[in-house]
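Residue numbers (the numbering used here), protein chains in the order written: chain G, 477 to 801; chain W, 477 to 801. These notes concern the structure reproduced below.
There are 2 protein chains.
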Amino acid sequence: MRRRPPVPAAARAILARDRLALARLITKVENRDHGVAPVLQALYPHTGRAAVIGLTGPLGVGKSSLVNSLLQLLRKAGKRVGVIGVDPSSPFSGGSVLGDRIRIDRDPADTGIFFRSMASRGHPGGLAAATREVVRLLDAFGMEVVLLETAGTGQVDVEIGAVASTNVVVLVPHLGDEVQSLKAGLFEIADVFCVNKCDLPGADGAARYLAELVGLTPRSDAWRPRVVQASTVLGTGIDELWAAVEAHEAYLRTSGSFEKGNRTRLEAEVLELYRERILAGAVAQVEGSPELRRLLDEVEARRLDPRAAADSLYERNHARRRPRS
Amino acid sequence: MRRRPPVPAAARAILARDRLALARLITKVENRDHGVAPVLQALYPHTGRAAVIGLTGPLGVGKSSLVNSLLQLLRKAGKRVGVIGVDPSSPFSGGSVLGDRIRIDRDPADTGIFFRSMASRGHPGGLAAATREVVRLLDAFGMEVVLLETAGTGQVDVEIGAVASTNVVVLVPHLGDEVQSLKAGLFEIADVFCVNKCDLPGADGAARYLAELVGLTPRSDAWRPRVVQASTVLGTGIDELWAAVEAHEAYLRTSGSFEKGNRTRLEAEVLELYRERILAGAVAQVEGSPELRRLLDEVEARRLDPRAAADSLYERNHARRRPRS
């Protein structure tokens, strides 16, 4: 059952820390190119070492600057760091809606950093699947920490948050009414809150408010989310932020929560890949077919409703080939 | 092939403009309750009359106030109007991330308005499918215009935008750098741009800038997006906004683009429902199975990679029951 095929050259290149090979493989993973399957298979035993840390929060709270400050801190500590910036994207242009906004001060000669911006292209399901595999490539490449920055626009953050073992939600002292309400969705994924731009007035109040909310929010585990304040302008709080992240990672390891979370993440990934596999063929098979054309004629003439048309496609192309439903 | 079952009571209630029946059916559609299929089927021949207008744009540009102003205008003109507010949501709480932010000044006795806020819950694919069906319910109910307001957070707007025949993208004179870059994704779906809050300085410049961008952006049709200015505070520009929407709707009808767009929308809907149908059973079948548990043990031990596990699930549960791949 466990085939051990020869290790593909691209996998050997990743283990040898070939940056160009890494960039190329990430592009293939993003494009859901099935050809990377043997490479991922060969690399899989070499993964599972990197700490995967998510950072999210509304637009304008300074997530990118914070990622930048964390990068400097981690590099000084000798850690190799991968950064993935995940943005929602336009399916029309294939481009990023928010643009490549992360400006990272990096020494081009520093091989201990690898930065990649990902566009979501199609559906968020596929984005989470692709992000998991890109994390795994960075992990096999030898990155000890992978920072996942998401754009803070809701659903995508929550899905990508599920890829990380620790999630930092970044806020600022004074959010407008509208942005403030975003917190509701981000609240549940936060293991650490960071009140960024704490040089602005109101930071203490915001931190107290968050700490109170933390006390009121039930969790499925015994971790109590920490609230830290930081200012990338003053250069303060970055150590405290990382200490809080490390405390959560330590909690995960000692409480057994890491294994449980890891199992949940792997299950989500396998089921997602299973769905992807099922759909890949099914839609291609009917798209552009005379059968679909005929059904759409009926739907357009309002003699058949869309659900009945979908059922008809299902019955003819799918259901009857399967002995039990 | 075309069964004509008796018209269900719920469908008759919709045609009789029973608001409570409408609210209940919308909830069922949102929950993807398969029991609504015969109701939707019976109502389908009574649909296709409503103009479906999307309004989107970044947070804080005043979309809700604009929807409110359009509502007043349309009601004065004697039009029956449905409003759907679509927000991203947290999969944990099932609640809305952005909250129910639309404040509509409406006369409770006015039966010519129906307002509904929708949470996305699961995946955006399902959200578009549900939104299409809710639009159809409002259409069958007799609403002549359906306004679809989305939260302006990227991907969801584009997906929901595909449900509407005319899309208005709302902006303000001065957007911050970060929000400004959001325009890239929203630009491609815009048939009309509205520079809202035009009482603020810079509105003329913003409108000129947009008009220039419009001239530079290729489209698949001959429509040139209009740029209008509005202020809900001053009460100006609302007529012009609606005139621009009507001009686009008229263009669609006279150019034959409406039929083409409608066909594309119906095709997307049928394929989406087909996907939904295929996946419904497939994942439930393997979730919690001893087979999945065993595979996850192997993945956890890094003896099998996630893709190979998904392939194995596919081979055993799906592929071998189908004579041709």
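Every residue, glycine too, gets a C-beta built ideally from N, C-alpha and C. Source: prediction; values computed, not measured.
According to DSSP, is residue i part of a helix, a strand, or is it coil?
i: G/Ser707; result: strand
i: W/Ser788; result: helix
i: G/Ile529; result: strand
i: G/Ile665; result: coil
i: G/Ser572; result: Any reading at G/Ser572 needs caution, since the residue's pLDDT is 35, under 50, leaving its predicted position unreliable; the model's value is listed next. G/Ser572 falls in the strand class under three-state DSSP.
i: W/Thr626; result: strand
i: W/Val621; result: strand
i: W/Arg753; result: helix
i: G/Arg729; result: helix
i: W/Thr693; result: coil
i: G/Arg493; result: coil
i: G/Leu535; result: coil
i: W/Thr804; result: In the structure displayed, chain W extends from 477 to 801; residue 804 of chain W sits before or after that span and is not available.
i: W/Thr523; result: coil
i: W/Arg608; result: helix
i: G/Asp653; result: With a pLDDT of only 44 at G/Asp653, under the threshold of 50, the placement of this residue in the model should not be trusted; the figure read from the coordinates follows. Looking at G/Asp653 - three-state DSSP - the assignment turns out to be helix.
i: W/Val639; result: coil
i: W/Leu676; result: coil
i: G/Asp509; result: coil
Buried or exposed: which applies to residue i, given that a residue is buried once 16 or more other Cβ atoms fall within 10 Å of its Cβ?
i: G/Asn672; result: buried
i: G/Thr693; result: exposed
i: G/Asp633; result: buried
i: W/Pro482; result: exposed
i: W/His794; result: buried
i: G/Ser572; result: Interpretation of G/Ser572 is limited by its pLDDT of 35, a score under 50 that renders its predicted location unreliable; no figure is taken from the coordinates.
i: G/Ala698; result: exposed
i: G/Glu506; result: buried
i: G/Glu722; result: exposed
i: G/Leu613; result: buried
i: G/Ala485; result: exposed
i: W/Phe568; result: Below a pLDDT of 50, predicted positions are generally treated as unreliable, and W/Phe568, at 29, falls in that range; the measurement from the model is reported next regardless. Exposed: under 16 other Cβ atoms inside 10 Å.
i: W/His724; result: buried
i: W/Leu547; result: buried
i: G/Gly713; result: buried
i: W/Glu635; result: buried
i: W/Asp586; result: exposed
i: G/Ala758; result: buried
i: G/Ala526; result: buried
Going by beta-carbon coordinates alone, are residue i and residue j separated by less than 8 Å?
i: G/Met619; j: G/Ala606; result: no
i: W/Leu498; j: W/Val559; result: no
i: W/Arg488; j: W/Phe590; result: no
i: W/Gly538; j: W/Leu662; result: no
i: W/Leu519; j: W/Ala616; result: yes
i: G/Gly536; j: G/Val644; result: no
i: W/Arg778; j: G/Pro521; result: yes
i: W/Glu609; j: W/Leu516; result: yes
i: W/Val621; j: W/Val690; result: no
i: W/Gly588; j: W/Arg508; result: no
i: W/Pro649; j: W/Cys670; result: no
i: G/Val528; j: G/Thr626; result: no
i: G/Ala786; j: W/Arg753; result: yes
i: W/Arg792; j: W/Glu767; result: yes
i: W/Ile665; j: W/Arg592; result: no
i: W/Leu772; j: W/Ser788; result: no
According to DSSP, residue i sits in a beta bridge with which residue or residues?
i: W/Cys670; result: W/Val646 and W/Val704
i: G/Thr805; result: The requested residue 805 of chain G is not part of the displayed model; chain G covers only 477 to 801.
i: G/Ile589; result: G/Val557
i: W/Val562; result: W/Met594 and W/Thr626
Could you check whether the region 731-743 of chain W touches the region 636-644 of chain W, counting it as contact only if at least three pairs of C-beta atoms, one from each stretch, sit closer than 8 Å? yes
Any chance the region 770-788 of chain G sits against the region 742-756 of chain W, with 3 or more Cβ pairs inside 8 Å? yes
Pair every Cβ in the region 702-716 of chain W with every Cβ in the region 682-691 of chain W, then say whether three or more of these pairs are closer than 8 Å. Touching, yes.
With three or more beta-carbon pairs closer than 8 Å as the criterion, would you say the region 536-554 of chain W touches the region 717-724 of chain W? yes
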